[in-house]
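Novice: One structure is given below, represented as C-alpha cells, and several questions about it will come after.
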Amino acid sequence: MKLAFFVGFSLLFWSCQRPTNYTQIAPPFEPEYALNRFESTIRRYEQQDSVQTPAAGQIVFTGSSSFFFWKNAKADLAPLPIVNRGFGGSTFPEVTYYANRNAIKYQPKTVVIYCENDLFESLSKTPTQVRDAYVALVKKLRQALPKVELYYISIKPSPLRWSRWQEASKVNALIKAFIETDNRHHYIDITQTMLKNGHPDDSIFLADSLHMNAEGYRRWTAVLKPILFKKHPQ
C-alpha cells in the first residue's frame with residue numbers, strides 16, 4: 040500500500056503541472072518489489088563519493104543494468120564528463136525512489152536515463168503505466184533541477200525480449216510524445232543500431248541474450264557521443 044501511495048502521489052503531483060496536451064494519466068501500478076532492493080549498490084556509490092565527490096555540472100547516467108554493466112562508459116565517452124550510476128535491474132519507480140541520492144545530489148547539467156524492466160517484472164504493466172512511471176521520475180528531477188537537460192534512451196531490442204517488442208515500442212512512442220513537450224528533454228533512439236535484417240543482432244549480446252557485449256556498447260557510444268557533445272562541447 041505504501042508503494043502504491045508513493046507512485047500515486049508522484050503522479051498526482053505531476054498531473055497538476057503537466058502540459059495541456061499531455062494525455063490523461065492511467066491508474067498507477069503498485070510495484071511488486073521493494074523499492075530499496077538495490078540499497079547495497081547505492082551505498083557503494085555513496086562510499087565512492089565519500090572518497091572523491093564528482094564535480095557539479097557533469098552528465099549523470101541513471102537507470103538499469105545496461106548502464107550498470109557499462110564499466111567503460113567514462114572511457115568510451117571521453118572527454119565527456121560521465122558519472123555512471125546505473126544500478127541492477129532497476130525500474131522507473133526505483134530510479135525515482137533513489138533520485139536524490141543517485142542523481143540530484145550531483146547537481147548535473149545533464150541526466151541520461153535508461154530503464155527497460157518495468158514491462159518485464161512478474162506483474163504485468165501496460166505501456167501507459169510505464170510511461171506514467173517515467174513521468175513521475177521526470178517530475179522529481181525537474182522539481183529539483185529545473186534547468187537540467189534530460190535524455191531518455193529508448194528501450195533496446197534484445198533477443199530475450201523480442202517477443203514483446205510491440206509493447207516496448209509502444210512505451211517508447213508514448214515517452215517520445217511526452218518528451219516532445221519540453222525543449223530541455225530529448226529522445227535517443229538506439230533501435231536501428233541494434234538490429235540486423237529487422238531483428239536483434241545476436242552478435243552484440245552476451246550469452247543471456249539481454250545484456251550487451253563490447254560491440255553493443257561500441258554501437259551505443261557511436262549514437263550517444265555526438266548527441267551529448269551538442270550540450271557538452273569539450
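Converting from the sequence shown to the working numbering requires adding 39 to each position, the first position being numbered 1.
All C-beta atoms, glycine included, are put in the ideal place defined by N, C-alpha and C.
(1) Are there three or more Cβ pairs, one per stretch, closer than 8 Å when the segment 154-173 is compared with the segment 64-78?
(2) Within the segment 124-180, note down every full alpha helix (DSSP H) run reaching 4 residues or more, in order along the chain.
(3) Quick check on this structure: which residue in I143, S248, I98 and A117 has the alpha carbon closest to the alpha carbon of S149?
(4) Taking just the CA atoms, how far does Q231 sit from K164?
(5) Please say whether L116 and K264 have beta carbons closer to each other than 8 Å?
(6) In whole angstroms, give me the CA-to-CA distance for A212 and I192.
(7) Restricting to Cα atoms, I'd like to know which of K144, F77 and Y153 is closest to Q182.
(8) Let me check understanding here. Comparing Cα to Cα, which of W109, P147, Y256 and L176 lies closest to F217?
(9) May I have the straight-line CA-CA distance separating Q168 from A138, to the nearest angstrom?
(10) Buried or exposed, going by whether 16 or more other CB atoms sit within 10 Å of the CB of G255?
(11) Just curious, the alpha helix (DSSP H) that Y84 is in, first and last residue?
(12) How many Å lie between A310 and N156 at the Cα?
(13) At the level of alpha carbons, what is the spacing between K178 and L234?
(14) When the Cα of P196 is compared with those of D241, E160, T220 and N222, which residue comes out closest?
(15) Select from W201, P147, G125 and I266 the residue whose C-alpha is nearest the C-alpha of F159.
Specialist: Based on what the coordinates show:
(1) Proximity of the segment 154-173 to the segment 64-78 meets the contact definition, three or more beta-carbon pairs being nearer than 8 Å.
(2) For the segment 124-180, whole alpha helix (DSSP H) runs of length 4 or above, ordered along the chain, are 131-136 and 138-141.
(3) Counted from its first residue, the sequence shown places residue 149 at position 110. In the sequence as displayed, the identity of residue 149 is Thr instead of Ser. The shortest Cα separation from T149 among I143, S248, I98 and A117 belongs to I98.
(4) Position 125 of the sequence shown holds residue 164. Position 192 of the sequence shown holds residue 231. Distance between K164 and Q231, taken at the CA atoms: about 25 Å.
(5) Looking up residue 264 in the sequence shown gives position 225. Looking up residue 116 in the sequence shown gives position 77. Taking a C-beta distance under 8 Å as the contact criterion, K264 and L116 qualify as a contact pair.
(6) For the purposes of this step, residue 212 is taken as the residue at position 173 of the sequence shown. For the purposes of this step, residue 192 is taken as the residue at position 153 of the sequence shown. For A212 and I192, the distance between alpha carbons rounds to 12 Å.
(7) The residue labelled residue 182 in the question sits at position 143 within the sequence shown. If we check each option's Cα against that of Q182, K144 comes out closest.
(8) Reading the sequence shown from its first residue, position 178 is the one you call residue 217. The shortest Cα separation from F217 among W109, P147, Y256 and L176 belongs to L176.
(9) Mapped onto the sequence shown, residue 168 falls at position 129. Mapped onto the sequence shown, residue 138 falls at position 99. In a straight line, the C-alpha of Q168 is about 19 Å away from that of A138.
(10) Residue mapping note: residue 255 aligns to position 216 of the sequence shown, counting from 1. Taking all protein chains shown into account, G255 has 16 or more neighbouring C-beta atoms within 10 Å of its C-beta and is therefore buried.
(11) Stepping through the sequence shown from its first residue, residue 84 is reached at position 45. E78 to V90 is the span of the alpha helix (DSSP H), which, as asked, contains Y84.
(12) In the structure as shown, the chain begins at 40 and stops at 273. Residue 310 is therefore absent and cannot be evaluated.
(13) For this step, residue 178 is matched to residue 139 along the sequence shown. For this step, residue 234 is matched to residue 195 along the sequence shown. As the crow flies, the alpha-carbon of K178 is around 32 Å from that of L234.
(14) If you number the sequence shown from 1, residue 196 lands on position 157. When only C-alpha atoms are compared, the closest one is D241.
(15) Within the sequence shown, numbered from 1, the residue matching residue 159 stands at position 120. When the alpha-carbon of F159 is set against those of W201, P147, G125 and I266, the nearest one is in W201.
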